[in-house]
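Each residue of the sequence shown is one higher than the last, beginning at 1 in the UniProt record's numbering.
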Amino acid sequence: MSKIIVLALILVFRLSQAETLLNSIEKPESSQAKLATTIRLNTPEGIAVANEGSLYIADMKNHRIRKVDKQGMISTVAGDGTAGYHGDGGPAHLAQLNEPSGIAFDKHGNLYIADSKNHVIRKIDNYGIITTLAGNNTSGYSGDNGLALAAQFNLPVQVVIDSQDNLYITDQNNHVIRKINANGIITTLAGDGTKGYSE
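Dropping the structure here:
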């Protein structure tokens, strides 16, 4: 009888472990929500409001994207807090960012991130999966009239998206404004790549 009890306890323990693992896999955010006014940010940069009313913050020096819901609770939705470039194709909260700055939502609810020191634009879809939309992770100025994924940026810091899904990017150290159309083609919209002022 005692052996049966021991086996039953082992089975319950194993099932509990499996449930804990499943919950951790299914959890879309990396941190338990806390009251937003009780936590610390480090050089918050861009902000954007989702269609459902939550406020998203590019917590730049913490290398994370944070979410404040309508109840004032904050959680992390992207970035593991380590500066780096990793995680494409997986959950955004497990990915690495490097000083994310500008953020914007499109009409479909996708979130775009100017991952400034990675010199790329990242995208988080409605399932919480992160990918690189533009940039090849090396600083430079190239790629116009081709696919945005092959292009180079030099510190992209802001993103804006219009109703036709065209994405506009402040390519700061290249001194230009870039545009990515809905087909993924990149062009320069303003600036000649030289620092200065002219009319």
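Glycine is no exception: its CB is placed at the ideal position from the N, C-alpha and C atoms.
Pick from the options that is closest to residue i, judged by C-alpha positions
| i | options | result |
| --- | --- | --- |
| Phe153 | Glu199, Gln172, Lys61, Gly46 | Gln172 |
| Glu99 | Gly89, Thr132, Ile185, Gly46 | Gly46 |
| Ser116 | Ala36, Gly135, Phe105 | Gly135 |
| Leu35 | Arg178, Val160, Gly72 | Gly72 |
| Ala95 | Tyr56, Asn118, Phe105 | Asn118 |
For residue i, the first and last residue of its enclosing beta strand (DSSP E)
| i | result |
| --- | --- |
| Phe105 | 100–105 |
| Thr76 | 73–78 |
| Tyr168 | 167–171 |
| Ala48 | 44–49 |
| Thr138 | Careful: Thr138 lies outside any beta strand (DSSP E) and carries neither H nor E. |
Distance, residue j Cα to residue i Cα
| i | j | result |
| --- | --- | --- |
| Tyr127 | Ala92 | 9 Å |
| Phe13 | Ala148 | Reliability fails at Phe13, whose pLDDT of 42 lies under 50, so the model's placement of it is uncertain and the value that follows must be treated cautiously. Straight-line Cα distance between these residues: approximately 50 Å. |
| Asp125 | Tyr112 | 9 Å |
| Pro156 | Ala33 | 30 Å |
| Tyr197 | Gly191 | 10 Å |
| Ser24 | His63 | Only weak support is given to the placement of Ser24: the predicted model assigns it a pLDDT of 34, under 50, and the value that follows is read from those uncertain coordinates. Cα-Cα distance, rounded: 21 Å. |
| Gly79 | Ile177 | 26 Å |
| Gly53 | Ile169 | 24 Å |
Bridge partner(s) assigned by DSSP for residue i
| i | result |
| --- | --- |
| Gln32 | None; Gln32 has no bridge partner. |
Distance between beta carbons of residue j and residue i, contact taken as under 8 Å
| i | j | result |
| --- | --- | --- |
| Val49 | Ile65 | 13 Å between Cβ atoms; not a contact. |
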